[in-house]
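Residue numbers (our numbering), protein chains in the order written: chain R, 1 to 293; chain E, 1001 to 1293. Here's the structure we're looking at; comments come further down.
Protein chains: 2
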Amino acid sequence: MNLPPLAAIRVFEAAARHGSFTNAAEELGMTQAAVSYQIKLLEERIGAALFLRRPRQVILTEVGARLAPVISEAFDMMRAAIAATRENADGILTITTIPTFAANWLVPRLGSFQLAHPSLAVRLQATREIIDFARQDADIGIRSGGGRWPGMVSHKIFGADFAPMLSPALAATIGGVKTPADLLKLPIVDPSDPWWKIWFAAAGVAEPDLRGNPLSRFGDQHLEGKAVIAGQGVGILTPVFYETELKQGQLIQPFDIVGNDDHFYWLVYPEARRNVPKIRAFRDWLLEQLADQ
Amino acid sequence: MNLPPLAAIRVFEAAARHGSFTNAAEELGMTQAAVSYQIKLLEERIGAALFLRRPRQVILTEVGARLAPVISEAFDMMRAAIAATRENADGILTITTIPTFAANWLVPRLGSFQLAHPSLAVRLQATREIIDFARQDADIGIRSGGGRWPGMVSHKIFGADFAPMLSPALAATIGGVKTPADLLKLPIVDPSDPWWKIWFAAAGVAEPDLRGNPLSRFGDQHLEGKAVIAGQGVGILTPVFYETELKQGQLIQPFDIVGNDDHFYWLVYPEARRNVPKIRAFRDWLLEQLADQ
DNA sequence: AGCATGCATAAGGACAGCTTATGCGAGACT
DNA sequence: AGTCTCGCATAAGCTGTCCTTATGCATGCT
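If you want it as structure tokens, here you go:
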């Protein structure tokens, strides 16, 4: 059972409500002639008259009178559903982010965003997958990379800088860390991390011998950080992710020298959606956070 | 709150049901490209992705998943309503007819029509108004007139013939009616009826003196007939309308001479609806009745 | 009687939306 | 592992729907 043209049904619904083709036309933003045409079309399709044409008004036939309320209800349902969907879509911000960034930077600050936008619910998706808005149900993403994605807007957040860190207690075991080379006296958490070589080079230590240190791999800075805070060794971490710990003295960063591998964290979202309010709100908030820092 | 283009919603509904653009396209009788296009349109309109494009399938996003069932329900409602309307429209035959014809010819025979078409409900509208299907909620009409109406199909039913009739008891009071002039000895029901003059002329009585008879007007043959059967006087009636009474002896028609004024009863209906089953059924039935007569 | 109102109808035109053609990505098959 | 196939996206171009403008007609109002 095929539906008649939906355009005609919509016109009928409006005309039935108004009891007037002219008024219906106005509501729908079209001419009276168009309404007349569509109604006629629908009547032919259904095979029965829907309106009686009386001198200064049209009134529904019996057939029309039975049809109209159901159609109206169906349209109300759709209108409500679409409206709800819009609110829904506008009210939930889904962020897909690298776990490290989520745990070490975003989550601790998210409260201030929620405070500023109480009507926005935030849904976090921490995954390591490559970002692709066509196959992930997300509004905005945080990823590291080169910062050039076609069709995407990207804002540079900060570099993936790194520097050695350790717990004060561990530093005390060798009477404090004074030179970069001192670090090699201590256990190294994840010595296979390529960041070590880059950093030692920047610190003027050409060929650091990391071999002798106990080997453990994490692959996730978040876990590596935990180990370092626990005093298990020296780690190479991103300073902005450990501001709190550094401030509170749980960690120390013995040298200001930072390495970087030209990778950055980026905030990205589809160009086409750059003006969606919730996306705008999050972007503005995040950029402001960075400016304050 | 304006609805997005309905065409797009319909496509979305189908696509959500199938979980596939290709299958939805097939159901809707269009190409996969068109579906893709419409979905994209709707997503832009709503401001959120509705589907996630995964390798060999599309799946609904959270937003889409909430929208789809409501839309489906709304469409089901409309489909059901339209289907019901069609049945309704097909199942009720509304006849607008002259009261005289209804009472004297149609109603007594309608039983045989109902018997032949048990699924058809008949609704009779007996009015004297001029017929106009644009402003009367009727499928088919019976009217007298010239038989030429633009845009209408008309079938001649029979002429508005007329002849004097009276009750046997009344005839007995003057020892039987032998010549047309004998009628003038009796009371005439509604002597102002123009049919009298025409009939007497046809019967060879040039200047009948109707003045001396008691004057009463009915204006409706049905009522006039009642008076005649009751023996109140001679009336001028249409024979086909009183077949039963004549056969049963309640009325007698003393002369075979009939007058007519070139008016006929017609069965009429809009040309555009000549193939609507219920209209066809009634027309065929009525013409058959006439042929049998 | 004349005017105003509301719908029907005809003709013509614009644009939405469909089709065709092609590309691309990722499972599936051998 | 390579190739095939399936399903969606995209571009370009056309077609047909549907809308507009213009006009007519009937009727109720003043």
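Just so you know, even glycine gets a beta-carbon here, dropped at the ideal spot from N, CA and C. The structure presented is a predicted model; accordingly, all values stated were derived computationally and were not measured.
Cβ contact annotation for residue 87/R (same chain, cutoff 7 Å, sequence separation greater than five): none. When only Cα atoms are considered, residue 1206/E and residue 1196/E end up about 11 Å apart. One Cα belongs to residue 1281/E, the other to residue 48/R, and the distance between them is close to 16 Å. In the three-state DSSP reduction, residue 1232/E falls in the coil class, being neither helix nor strand.
Rounded to whole angstroms, the Cβ separation of residue 1234/E and residue 1186/E is 5 Å, and the two are in contact under 8 Å. Per the coordinates, the alpha-carbon of residue 210/R lies some 55 Å from the alpha-carbon of residue 1020/E.
Only 1044, 1046, 1047, 1048, 1049, 1052, 1053, 1054, 1061, 1062, 1063 from the segment 1031 to 1065 of chain E bring a Cβ to less than 8 Å from some Cβ of chain R. Interface with chain E (8 Å Cβ-Cβ cutoff): residue 4/R is included. About 13 Å separates the beta carbons of residue 1100/E and residue 1124/E, which is beyond the 8 Å limit, so they are not a contact pair. At a cut-off of 8 Å between beta-carbon atoms, residue 120/R makes no contact with chain E. By the criterion of a C-beta distance shorter than 7 Å, residue 25/R is surrounded in its chain by 31, 32, 34, 35, once the five residues flanking it on both sides are discounted.
Looking at 1240/E, 1222/E, 1027/E, the one whose alpha-carbon comes closest to that of residue 1258/E is 1240/E. The C-beta of residue 165/R comes no closer than 8 Å to any C-beta of chain E. DSSP places residue 163/R inside the beta strand (DSSP E), whose first and last residues are 163 to 165. Taking the Cβ atoms as the reference, residue 89/R lies roughly 55 Å from residue 1153/E, outside the contact range of under 8 Å. At the C-beta level, residue 1264/E and residue 1160/E come within 8 Å of one another. Listed in chain order, the non-local C-beta contacts of residue 200/R below 6 Å within the same chain comprise 208, local neighbours out to five positions each way being set aside. Under the Cβ distance rule, residue 1203/E does not count among the residues neighbouring chain R, no pair being separated by less than 8 Å.
Collapsing the DSSP output to three states places residue 1092/E in a strand. With respect to chain R, the C-beta atom of residue 1067/E has a partner C-beta closer than 8 Å. Rounded to the nearest whole angstrom, the CA to CA distance from residue 1039/E to residue 246/R is 50 Å. The beta carbon of residue 73/R falls within 8 Å of a beta carbon belonging to chain E, placing the residue at that interface.
The CB of residue 88/R comes closer than 9 Å to the CB of 1048, 1062, 1063, 1066, 1067 in chain E, given here in chain order.
Of the other Cβ atoms in all chains shown, fewer than 16 fall within 10 Å of the Cβ of residue 111/R; this residue is therefore exposed. Here residue 1122/E really is in contact with residue 1095/E; their C-beta atoms are around 7 Å apart, less than 8 Å. In the structure shown, the three-state DSSP call for residue 1197/E is helix. Among the residues facing chain R, residue 1024/E is not included, as its CB has no counterpart in that chain under 8 Å away. Against chain R, the beta carbon of residue 1081/E has neighbours under 7 Å at 67, 70, 71, listed in chain order.
Within the segment 1258 to 1287 of chain E, the residues whose Cβ lies closer than 7 Å to any Cβ of chain R are, in chain order, 1276. A Cβ-Cβ separation of about 6 Å places residue 1028/E in contact with residue 1014/E under the 8 Å criterion. Counted as a single uninterrupted DSSP element, the beta strand (DSSP E) harbouring residue 266/R occupies residues 264 to 270. At least one beta carbon of chain E lies nearer than 8 Å to the beta carbon of residue 10/R.
At least 8 Å separates the CB of residue 152/R from every CB of chain E. In this structure, residue 242/R sits away from residue 140/R, with a CB-CB distance that is not shorter than 8 Å. Excluding sequence positions up to five before and after residue 1075/E, its CB lies within less than 6 Å of the CB of 1013, all in the same chain and listed in chain order.
The CB of residue 17/R never comes closer than 9 Å to any CB in chain E; the least such distance is about 14 Å.
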